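Undergrad: Protein chains in written order, with the numbering used here: chain A, 12 to 339; chain B, 12 to 339.
For reference, the structure I am asking about is given below.
Shown next as structure tokens:
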């Protein structure tokens, strides 16, 4: 509940005067770190397992709850068993009755909501960090479903402290009830998405980057809780505009082209009109048309079935006020 | 049958005097190009589909048979549905009775053997090229199950004509009856393995490399059939020594370490004693001991379940005689 009042309708630099405002916020006493929401994204699975092995359930005064979100999917090393768990957390789905034919993941979403939420309630965990991998060359990306000054601060902290590793931010503007991802069941949350890594593979470099981002998150929370004031400022974030599918045969629906080599691995590099998007199997090029935009999730394995070759975004500057913990 | 007499017991440079020998061999009149033996290795799937769409069933006088080896696995974009098809082609399995409980892939192996073999018979296709992808950084790798001068020639031709793209050769020394892979059902054959590419993802650069290797194979066959003499020579090949598993918890069997960043993506780079192999989740290093050897299939996704972190090989020089087509 703590950040609901701070949603801003402005995605641009306007609309917030950081000189005029300072926010005193309640401490973050319970933080959840979740891995294996997609069972074949192995960095998060092994980070959570390692934290559980090390009995890392407290950092300073902060309670750390570690969760393997989708154990049956982890066991078979697949994204999900029946349906994508990370699309099951809209309020309407969380309150729908569970029938015998309901997919496992819908039941599991309601369990996780009971354990870590309930969404929108005072009982909900203060901060939830959900760990994901992508086959796209997105480095470390912080995905924020709702606009929230606390998550902006943590994103900025991770970005500053991981340099020169590229850390990008994706800012959606969903209401908590519309938000479909696990991190929406808590008072505030975000996903840490790290790539490129093939699903079902564990790379030490990707593991270490994700671990560093988790450690920095917990470090920020500790500093915040112990009274540090974090100055206001701004961050660049990518704001979703639209998704683009692969060219497909109109009859069979099969792919007729792959991502063009100039676009492959170039997530967050501005696409100008005329830049190549796809290369067909017979050698023809498909070009970008219209507004210059930034691609991300380029050639993500799990999005073939969702008919998404990549997303496109605008770059925005998001301004946030200084924050400190509210004294009792 | 045509090359059975030419198996050599020598993996080293000794044992063959190319000045003394020339081989006249029957023409290669039927060539099979197979993709989707593993349903989530997409380059081969799309190359074969494209060849079928273009009705590319003849190159010069050569009949080209294109085959999608495991359609149900391709449909669900998984390696296999019940068991690994590319381990089902030993002679004993191909002649075993099919019961109701037999996995789909065993039945499919017998179908493919009837279509493209039967293994060891005069009816078998002259050359079979099976298309595979790997998550390992192996560039283009030609995997030859049995030692055969024809495949050595084609490997050398691909390597020479694709430079500076790295093209490596792996030479096993299995008898045709022991050989478990699809290409063993034909008179001669090899796999083209191209990576790194995540399974379930199609990359244009990897697609183009594989397509080039297929085109060069067909070009070589055409030249051979039309009377060109290919001079003898030698090639460097990697000869399998042993497999190494990930460090695992002795109780749970779970991984306790990932491939070390120094080894990751360094397939075919010599591992000296003392070089790092693994980095444990708690930060300890595991080092290589014993003989200096060459790693390959480093961190291949599909080999986690086979308990293989990488294979190790010795580098050998393989010598082959000049060849030309036998005139009628």
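Even glycine gets a Cβ: it sits at the ideal position worked out from N, Cα and C.
Fair warning: this is a prediction, and the values are worked out from it, not measured in the lab.
1) Looking only at C-alpha atoms, which of 149(A), 69(A), 44(A) and 90(A) sits nearest to residue 233(A)?
2) Could you tell me the alpha carbon to alpha carbon distance between residue 144(A) and residue 178(A), rounded to whole angstroms?
3) Starting from the Cα of residue 127(B), find the closest Cα among 67(B), 304(B), 56(B) and 200(B) and give me that residue.
4) Under the rule that 16 or more other beta-carbon atoms within 10 Å means buried, what is residue 163(A), buried or exposed?
5) If you follow the alpha helix (DSSP H) that residue 172(B) is part of, which residue opens it and which one closes it?
6) Where in the region 189-217 of chain A do unbroken runs of the beta strand (DSSP E), each at least 3 residues long, occur, reported from the N-terminal end onward?
7) Determine, for residue 212(B), whether the minimum Cβ-Cβ distance to residues of chain A falls below 9 Å.
8) Run the CB neighbour count on residue 35(A), radius 10 Å, all protein chains shown included, and call it buried at 16 or more, exposed below.
9) Can you tell which of 321(B), 297(B), 266(B) and 242(B) has the C-alpha that lies nearest to the C-alpha of residue 280(B)?
10) Once DSSP output is grouped into helix, strand and coil, what is the label at residue 235(A)?
11) For residue 218(B) and residue 78(B), what's the separation of their Cα atoms in angstroms?
12) Which residues mark the beginning and the end of the alpha helix (DSSP H) in which residue 102(B) is found?
13) Using 10 angstroms around the beta-carbon of residue 85(B), count the other beta-carbons present and answer buried if the total reaches 16, otherwise exposed.
14) Is it right to say residue 220(A) is buried, meaning 16 or more other beta carbons lie within 10 angstroms of its own, or is it exposed?
15) State the DSSP-derived secondary structure class of residue 157(B), mapped to helix, strand or coil.
16) What does the alpha-carbon distance come out to for the pair residue 99(B) and residue 132(B)?
17) Quick check on this structure: which residue in 313(B), 50(B), 82(B) and 180(B) has the alpha carbon closest to the alpha carbon of residue 167(B)?
18) DSSP state of residue 225(B), grouped into three classes?
19) Report, in whole angstroms, the separation of the C-beta atoms of residue 129(B) and residue 135(B), which I expect to be a contact under 8 Å.
20) Do residue 307(A) and residue 257(A) have their beta-carbon atoms positioned less than 9 Å apart in this structure?
21) Since residue 290(A) meets chain B, which of its residues come closer than 7 Å, beta carbon to beta carbon?
22) For residue 47(B) and residue 187(A), what's the separation of their Cα atoms in angstroms?
23) Under 9 Å between C-beta atoms, does residue 45(A) make it to chain B?
24) Anyone know if the C-beta pair for residue 154(A) and residue 204(A) falls short of 9 Å?
25) Whole angstroms is fine: what's the gap from residue 148(B)'s alpha carbon to residue 206(B)'s?
26) Is the shortest distance between the beta-carbon of residue 293(A) and the beta-carbons of chain B less than 9 Å?
27) Let's test the definition: count the other Cβ atoms within 10 Å of the Cβ of residue 110(B) and tell me whether it reaches 16, buried, or not, exposed.
28) At which residues does the beta strand (DSSP E) containing residue 249(A) begin and terminate?
29) Sort out for me which residues DSSP pairs residue 287(B) with in a bridge.
TA: Let me lay it out:
1) Of the candidates 149(A), 69(A), 44(A) and 90(A), the residue whose Cα lies closest to the Cα of residue 233(A) is 69(A).
2) Here the C-alpha atom of residue 144(A) lies approximately 14 Å from the C-alpha atom of residue 178(A).
3) It is 200(B) whose Cα lies nearest to the Cα of residue 127(B).
4) So residue 163(A) ends up on the buried side.
5) Looking at the DSSP string, the run of the alpha helix (DSSP H) that includes residue 172(B) is 160-173.
6) Entirely contained in the region 189-217 of chain A, the beta strand (DSSP E) runs reaching 3 residues are, in chain order, 199-206.
7) With respect to chain A, the C-beta atom of residue 212(B) has a partner C-beta closer than 9 Å.
8) The residue is exposed, with fewer than 16 neighbouring Cβ atoms inside 10 Å.
9) Checked all of 321(B), 297(B), 266(B) and 242(B); the closest Cα to residue 280(B) is 321(B).
10) Helix at residue 235(A).
11) Rounded to the nearest whole angstrom, the C-alpha separation of residue 218(B) and residue 78(B) is 17 Å.
12) Residue 102(B): member of the alpha helix (DSSP H) spanning 102-105, first to last residue.
13) With 16 or more other Cβ atoms within 10 Å, it is buried.
14) Residue 220(A) should be labelled buried.
15) Note: residue 157(B) maps to coil in three-state DSSP.
16) Rounded to the nearest whole angstrom, the C-alpha separation of residue 99(B) and residue 132(B) is 18 Å.
17) Taking only the C-alpha atoms, the option nearest residue 167(B) is 180(B).
18) Note: residue 225(B) maps to helix in three-state DSSP.
19) Between residue 129(B) and residue 135(B) a beta carbon distance of about 6 Å is seen, short of the 8 Å cut, so the two are scored as contacting.
20) No.
21) Taking a Cβ-Cβ threshold of 7 Å, the residues of chain B close to residue 290(A) are 215, in chain order.
22) Between residue 47(B) and residue 187(A), the alpha-carbon positions lie close to 43 Å from each other.
23) Cβ-Cβ to chain B under 9 Å: no for residue 45(A).
24) Between residue 154(A) and residue 204(A), the CB-CB gap stays under 9 Å.
25) Rounded to the nearest angstrom, the two C-alpha atoms are 5 Å apart.
26) For residue 293(A), the answer is yes, since a Cβ of chain B falls inside 9 Å of its Cβ.
27) Flag for residue 110(B) reads exposed.
28) Residues 244-255.
29) In DSSP, residue 287(B) forms a bridge with 298(B).
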